[in-house]
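Beneath this line is the structure, given in C-alpha cells, with notes to follow.
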Amino acid sequence: MRILKRRVFLKIGRFGRRFHGEALCFSFVPGSCLRLGITVSKKYGDAVKRNQCKRRIRELFRLYQHRFPSPLSLSVTPKVRQSPLTYCDLENDFEHFLRFLLNKSKGNGAC
Numbered sequence: 038m039r040i041l042k043r044r045v046f047l048k049i050g051r052f053g054r055r056f057h058g059e060a061l062c063f064s065f066v067p068g069s070c071l072r073l074g075i076t077v078s079k080k081y082g083d084a085v086k087r088n089q090c091k092r093r094i095r096e097l098f099r100l101y102q103h104r105f106p107s108p109l110s111l112s113v114t115p116k117v118r119q120s121p122l123t124y125c126d127l128e129n130d131f132e133h134f135l136r137f138l139l140n141k142s143k144g145n146g147a148c
C-alpha cells in the first residue's frame with residue numbers, strides 16, 4: 038500500500054523513528070498494515086532521475102516486504118549526492134534497515 042496524503046507524511050516525520058543509511062533516510066511508525074511513501078526532492082535531479090529513483094525504491098520494497106518483522110508506515114527519502122545512486126546502493130541501505138528493524142524487534146519485542 039502507498040502513502041499519498043501529506044498529513045500521513047507529516048505524522049511519520051513528527052512521531053516516527055529514523056534510520057539513516059548511506060543513500061536513503063528511513064522514517065517509520067508502527068501501523069496496522071505495511072505502507073510505503075517516497076519523497077524525492079527536486080534537488081535530486083530532473084523528473085527522469087526522480088522517477089527512476091522512486092521506481093527502484095518501490096521495487097526493493099516489493100522484494101523485501103515479506104522480511105519486515107511488523108507492520109509499519111514507512112517513508113523513504115533519498116539523500117542528494119553528487120554521484121547518482123545505483124541500485125546496489127539502494128539495496129544495501131534496504132538490507133541495513135531491515136537488519137536494524139530485526140535487531141530492534143528481537144531486543145524490545147516491538148519496534
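Count the sequence shown with the working numbering and you get residues 38 to 148, in order. Quick reminder that beta carbons are idealized off the backbone N, C-alpha and C, glycines included.
Reduced DSSP secondary structure (H/G/I, E/B, other) of residue i
i    : result
R50  : The sequence shown places Gly at residue 50, not Arg. Correct three-state label for G50: helix.
L71  : coil
L109 : strand
R118 : coil
S78  : coil
L41  : coil
Proximal residues to residue i (C-beta, below 7 Å), its chain only, five neighbours per side dropped
i    : result
V117 : S78, K80 and Y81
C90  : V77, Y81, P115 and L122
Cβ shell of residue i (< 8 Å), same chain only, five flanking positions each side left out
i    : result
V66  : K48, I49, F52, G53, R54, L109 and S110
G74  : R39, I40, L41, V45, F46, I49, S110, L111, S112 and V113
S69  : P108
F134 : F56, G58, L61 and F63
Close Cβ partners of residue i (< 6 Å) along its chain, the five nearest in sequence each way excluded
i   : result
F98 : L73
At a cut of 8 Å, does the segment 127 to 145 reach the segment 68 to 87 through at least three beta carbon pairs?
They do not touch, by the three-pair rule.
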